[in-house]
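Q: Reminder that position 344 of the sequence shown reads as 344 in the working numbering, one-by-one numbering, no gaps. Glycine included, C-beta positions come from ideal geometry on N, C-alpha and C.
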Amino acid sequence: MPSLPAIAPFLGDTSRLISYRKFSEASAVGFLSAILFVVFSEPLKNYVDFGEKWMSLSGLPYQMNTAMLGFIVGFGFVKIFLLTRIQLFKMLLNYQGWMTNPKSMATKMWALMLNALRGNGRYPTFFFQPMLPKLPVPNLNLTLDRYLSSMKPILSDDDYMNLTTAVLAFKEKEGPVLHKFLCQRATTKDNWLIDYWLKYAYLTNREPCAVKVNCYATDRKDMPTNSQLARASNLIHYILRFHEQIQDETLTPQYLQDMIPMCMEGYRRLFSTTRIPYEAVDQLMTYEESKHILIYRNGVYFKLDVFAPDSDGKKKLLTVGEIYATLQLIASQTEEVDECSRIAVFTSERRDTWAKVRQRLLTTSNRASLEAVESAIFFVSLDDVAPKNIEENGSCTMTGSGYNRWFDKSIQFSVFRNAKVGTNVEHSSMDATLPGRLWEYFLQNEKYAENGGIIPEKSKRSTPKPVRLEWDLKDFEEDLDKAFNHFRSLAGDFELIVTSPDYGKGFIKKKRMSPDGYIQMALQLAYYKLHNKIPKTYESASTRMFSTGRTETIRPVSDFSVQWVKSMSHKRATREQQIMLLKRAVLYQTQVKVDASLGMGWDRHLFGMFVASRELNMNPAALFQDKSFWMHDTLSTSQTPTRYMDGWTLENCCMGGGFQAAYHEGYGVSYMIYGEDHIKFHVTSFRSCDATSSAKLGDAIVESMHEMRELLS
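(1) In whole angstroms, what separates the C-alpha of Leu-251 from that of Tyr-644?
(2) Quick one: what's got a C-beta closer than 8 Å to Ile-260's C-beta in the same chain, skipping five residues either side?
(3) Under the DSSP definition of a beta bridge, which residues are partnered with Leu-256?
(4) Could you check which residue in Phe-416, Thr-551, Lys-529 has the C-alpha nearest to that of Arg-231?
(5) Rounded to whole angstroms, how far is the Cβ of Gly-504 from the Cβ of Tyr-674, which I believe are closer than 8 Å?
(6) Are the CB atoms of Thr-125 and Glu-249 within a distance shorter than 8 Å?
(7) Within 10 Å of its beta-carbon, does Gln-625 have 16 or more other beta-carbons around it, so buried, or fewer, so exposed?
(8) Let me know the secondary structure DSSP gives Phe-560 once reduced to three states.
(9) With 16 other CB atoms within 10 Å as the buried threshold, where does Gln-412 fall?
(10) Over the uninterrupted beta strand (DSSP E) stretch that includes Pro-309, give me the two end residues.
(11) Taking 8 Å as the cut-off, decide whether the C-beta atoms of Lys-180 and Ser-547 are in contact.
(12) Within the same chain, show all residues whose beta-carbon is closer than 6 Å to that of Met-513, passing over the 5 residues directly before and after it, in chain order.
(13) Taking the straight line between their C-alpha atoms, what separation do you get for Ser-638 and Trp-197?
(14) With H, G and I counted as helix, E and B as strand and the rest as coil, what does DSSP make of Tyr-663?
(15) I need the straight-line Cα distance from Phe-487 to Glu-349, nearest angstrom please.
(16) Could you pull out every residue in the same chain whose Cβ sits closer than 6 Å to the Cβ of Tyr-20, ignoring the five residues on either side in sequence?
(17) Name the one or two DSSP bridge partners that Cys-653 has.
(18) Under 8 Å between the Cβ atoms of Ala-376 and Leu-229?
(19) I need the boundaries of the alpha helix (DSSP H) containing Asn-234, first residue and last residue.
(20) Comparing alpha-carbon positions, which option in His-664, His-678, Ile-701 lies nearest Ser-685?
(21) Judging by CA-CA distance, which residue of Asn-389, Leu-473, Gln-96, Asn-445 is the nearest neighbour of Pro-136?
(22) Is there contact between the stretch 269-285 and the stretch 340-359, where contact requires at least three CB pairs shorter than 8 Å?
(23) Could you round the C-beta distance between Asn-234 and Val-306 to whole angstroms and report it? I think they count as a contact, below 8 Å.
(24) So within the stretch 368-454, which uninterrupted beta strand (DSSP E) runs reach at least 3 residues, ignoring any that extend past its ends?
(25) Hey, is the stretch 295-313 in contact with the stretch 381-399, meaning 3+ C-beta pairs nearer than 8 Å?
(26) Please go through the stretch 518-575 and give each complete alpha helix (DSSP H) segment of 4 or more residues, from N-terminal end onward.
(27) Given Gln-283, which residues of its chain have a CB within under 6 Å of its CB, disregarding the five upstream and five downstream residues?
(28) State the DSSP-derived secondary structure class of Val-213, mapped to helix, strand or coil.
(29) If you drop the 5 nearest sequence neighbours on each side, which residues of the same chain put their C-beta closer than 7 Å to that of Asn-366?
(30) So which of Leu-32, Arg-85, Phe-89 has the shortest CA-CA distance to Ala-67?
(31) I'd like to check one pair, Gln-254 with Met-264: are the Cβ atoms closer than 8 Å?
(32) Tell me which residue opens and which closes the beta strand (DSSP E) that His-292 is part of.
(33) Leaving out five residues before and five after Ala-700 in sequence, what residues of the same chain have Cβ atoms less than 6 Å from its Cβ?
(34) Who are Tyr-301's beta bridge partners in DSSP?
(35) So is Asn-714 buried or exposed if we call it buried at 16+ other beta carbons inside 10 Å?
(36) Would you check if the stretch 478-492 and the stretch 549-562 touch, i.e. whether three or more CB-CB distances between them fall below 8 Å?
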């Protein structure tokens, strides 16, 4: 089932394309109608005579006027029909009762109307973009009340009292002004938040992309081949096929619950995009006309054009066999290398440091090579290591050696010596579901001969040769050494473990609970077991049902979750009490998740008002100076969706992915639900923090899941 997040304001191009298609359809019907009016002018005489009088000033012959009248009638009918259909789509997509009242008669009627209107036709990738509803601005009082409610369980009495005072003052003073500003902003933009979020949550962040920002995904369970070059050839070909579908708009739009169109704008930044470092604020650059990829092996960079002319002269993508022959050539040229280029390690530096180095590079002979990397559709590294398990697969994909990852690229791929693969994604350009769908597409479509090699191909054509990029870094040796030392501390501090309980969502659903809420409670219990306190917890929710939507925050901690967690170690708590508290905690989390998905969470609203206050040069509100406003998320969590397409199986499914903890004394937990019987947790933390341990939290999660099953059995 298609699942949930995305971004990027390029509606102009999409609108023009859709308008062109509508015009073509209307014109075709108009011409057909013109012919019919001429052929059947006698039966239509009354209408033709009426039209003739209306068009008498034209001075054209009768038959010409008849044809023009027919064209106008046909063209106008289609245009009215299409406009009416779009308006109906807009009205139906604004309905949100399917989440709040899924079993109501209104929701059933709405579903019937939406399915009937949508039909079974295939729509262009960005067809629904102009019809998606705008992201709403939540109610101010509701936001502040929810904020207090979510902070109460994790603050001391004194801190909560101080926060309450600050919130009450904000309600009376700055809040209404800032809220009104956001509401006015929402009337002029498809998404009032997206520019703020991209700039201040990501592009002004001076932390390195490597480990601190980027995320990763691992390989499938069963290896289809042990040939590195065969796997890399398949990967490159099918990733390019996906890219081509985006470009020609044949990629099927994603639907929530197989029915509600989701925002697809983020796919415009999935490829050919690089986060360019500048001092203070980075920029996302998308090179829409890019026709090449970058291949890295043993310290050498190759630029490869990915199109070649066919027998009819039209340029088409390189086939798996053609890519394989190119990779063999690259492998033969890089078996013995005199000098390994270390330039990629700069992309693991802090952003201001890398920005200064990059400006120096642009004034040297390195400029052309640097621009070739940054403008590439994507980056592929043929790595020389062979990860043995999922944990090594994840860690190697996330960090690399320091020299074989270009951390600024929106998406890059690693193919290891033993043919395992992984993908590394720069987070500012997109959220996890976009590369997730791409990754599933590749894992489902890759094909091999029985011996694990590529499937033989008959056709032969002249293909582009890989071009080796040249680097002259003699004046950057000191910078490279500093960057590599910085990278080693980053990579060495990344601790990842992957663990699974021995049951899945099938059991949870039988107990009539939300699997996601249930898992969140398991994480709360696990953390409490280790640290004896309640963590401030972040969980992401998608807002892709709205135009250019990305994410909102779910805050799963509540008075109910705290009471339940503590009851599990309370000697006098009965089993019935524990079950009741667990169900109420899960129910609360589920409602908060629904609110967040509907754009009604409190995090982004407060974030927006904070940014607006700076934009308006207002004195900082007491709320924005309260220490609890700046509390770190000790437990940063996210569910990685599966099953974007038909044909999904456990065997060809990615074994999960993850991200580094958002806070030095915290954890990052990504979890993936496979079918009915499997759940996999990727748990990360900082090795340098003595207070945390990925391994211990992983064990505590499995133990908590088992305790919960025993409680409910």
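A: According to the structure shown:
(1) For the purposes of this step, residue 251 is identified with residue 251 of the sequence shown, where counting begins at 1. For the purposes of this step, residue 644 is identified with residue 644 of the sequence shown, where counting begins at 1. When only Cα atoms are considered, Leu-251 and Tyr-644 end up about 12 Å apart.
(2) The residue given as residue 260 occupies position 260 in the sequence shown. Once the five neighbours on either side are set aside, the close Cβ partners of Ile-260 are Leu-93, Trp-98, Leu-114, Met-545.
(3) Position 256 of the sequence shown, counting from 1, holds the residue named residue 256. According to DSSP, Leu-256 bridges with Ile-260.
(4) One-based indexing of the sequence shown puts residue 231 at position 231. From the listed residues Phe-416, Thr-551, Lys-529, the smallest Cα separation to Arg-231 is found for Phe-416.
(5) Residue numbering aside, residue 504 sits at position 504 when the sequence shown is read from its first letter. Residue numbering aside, residue 674 sits at position 674 when the sequence shown is read from its first letter. Between Gly-504 and Tyr-674, the beta carbon gap of about 7 Å places them in contact (Cβ cut-off 8 Å).
(6) Position 249 of the sequence shown, counted from the first residue, corresponds to residue 249. Position 125 of the sequence shown, counted from the first residue, corresponds to residue 125. Cβ distance < 8 Å, so Glu-249 and Thr-125 count as in contact.
(7) Locating residue 625 in the sequence shown gives position 625, where the first residue counts as 1. By the 10 Å Cβ count, Gln-625 comes out exposed.
(8) Indexing the sequence shown from 1 puts residue 560 at position 560. Shown here, Phe-560 sits in a helix according to DSSP, grouped into three states.
(9) Taking the first residue of the sequence shown as 1, we reach residue 412 at position 412. Flag for Gln-412 reads buried.
(10) Reading the sequence shown from its first residue, position 309 is the one you call residue 309. Element bounds for Pro-309: 307-309.
(11) As a first step, residue 180 is located in the sequence shown; it is residue number 180 there, counting from the start. As a first step, residue 547 is located in the sequence shown; it is residue number 547 there, counting from the start. For Lys-180 and Ser-547, no; Cβs fall outside 8 Å.
(12) Stepping through the sequence shown from its first residue, residue 513 is reached at position 513. Excluding five sequence positions before and after Met-513, the CB atoms of its chain that fall closer than 6 Å to its own CB belong to Val-586, given in chain order.
(13) The residue given as residue 638 occupies position 638 in the sequence shown. The residue given as residue 197 occupies position 197 in the sequence shown. Cα to Cα, Ser-638 sits roughly 18 Å from Trp-197.
(14) Working through the sequence shown from its first residue, we reach residue 663 at position 663. Tyr-663: coil per DSSP, three-state reduction.
(15) Along the sequence shown, read from residue 1 onward, the residue named residue 487 stands at position 487. Along the sequence shown, read from residue 1 onward, the residue named residue 349 stands at position 349. Phe-487 and Glu-349: Cα-Cα distance of roughly 7 Å.
(16) Within the sequence shown, the letter at position 20 stands for residue 20. Residue placement at Tyr-20 cannot be trusted, given a pLDDT of 39 that sits under 50; what the coordinates show is reported in the next sentence. Cβ neighbours of Tyr-20 beyond the five flanking positions: none.
(17) Position 653 of the sequence shown, counted from the first residue, corresponds to residue 653. Per DSSP, none; premise fails for Cys-653.
(18) One-based indexing of the sequence shown puts residue 376 at position 376. One-based indexing of the sequence shown puts residue 229 at position 229. Cβ atoms of Ala-376 and Leu-229: not closer than 8 Å.
(19) As a working mapping, residue 234 is identified with position 234 in the sequence shown. Unbroken alpha helix (DSSP H) run through Asn-234: 228-247.
(20) Along the sequence shown, read from residue 1 onward, the residue named residue 685 stands at position 685. Closest option to Ser-685, Cα to Cα, is His-664.
(21) Looking up residue 136 in the sequence shown gives position 136. Closest in C-alpha terms to Pro-136, from the list Asn-389, Leu-473, Gln-96, Asn-445, comes Gln-96.
(22) A contact is defined here as three or more CB-CB pairs under 8 Å, and the stretch 269-285 meets this definition with respect to the stretch 340-359.
(23) Counted from its first residue, the sequence shown places residue 234 at position 234. Counted from its first residue, the sequence shown places residue 306 at position 306. Between Val-306 and Asn-234 the Cβ distance is about 14 Å, and since that is not below 8 Å, they are no contact.
(24) Counting whole runs of 3 or more residues, the stretch 368-454 contains the beta strand (DSSP E) stretches 379-382, 411-415, 421-425.
(25) Contact check between the stretch 295-313 and the stretch 381-399: three or more CB pairs, one atom from each, fall below 8 Å, which counts as touching.
(26) For the stretch 518-575, whole alpha helix (DSSP H) runs of length 4 or above, ordered along the chain, are 559-567.
(27) The sequence position of residue 283 within the sequence shown is 283, counting from 1. Closer than 6 Å at Cβ, skipping near neighbours: Ile-276.
(28) The residue given as residue 213 occupies position 213 in the sequence shown. In this structure, Val-213 counts as coil in the three-state DSSP scheme.
(29) Start at 1 with the first residue of the sequence shown, and residue 366 comes out as number 366. Closer than 7 Å at the Cβ level, and outside the excluded window around Asn-366, lie Trp-471, Asp-472.
(30) Counting from one through the sequence shown, the residue named residue 67 turns up at place 67. Comparing Cα-Cα distances from Ala-67 to each of Leu-32, Arg-85, Phe-89, the minimum goes to Leu-32.
(31) The sequence position of residue 264 within the sequence shown is 264, counting from 1. The sequence position of residue 254 within the sequence shown is 254, counting from 1. For Met-264 and Gln-254, yes; Cβs fall inside 8 Å.
(32) Counted from its first residue, the sequence shown places residue 292 at position 292. Per DSSP, the continuous beta strand (DSSP E) segment holding His-292 begins and ends at 292-297.
(33) Translated into positions along the sequence shown, residue 700 becomes position 700. The beta carbon of Ala-700 is closer than 6 Å to those of Ala-526, Lys-529, Leu-530 in its chain, skipping five residues each way along the sequence.
(34) Residue 301 sits at position 301 when you count from the first residue of the sequence shown. Assignment of beta-bridge partners to Tyr-301 by DSSP yields Tyr-296.
(35) Within the shown structure, residues of the chain are numbered from 1 to 713, placing residue 714 beyond reach of any answer.
(36) Judged by Cβ distances under 8 Å, the stretch 549-562 makes no contact with the stretch 478-492, as fewer than three pairs qualify.
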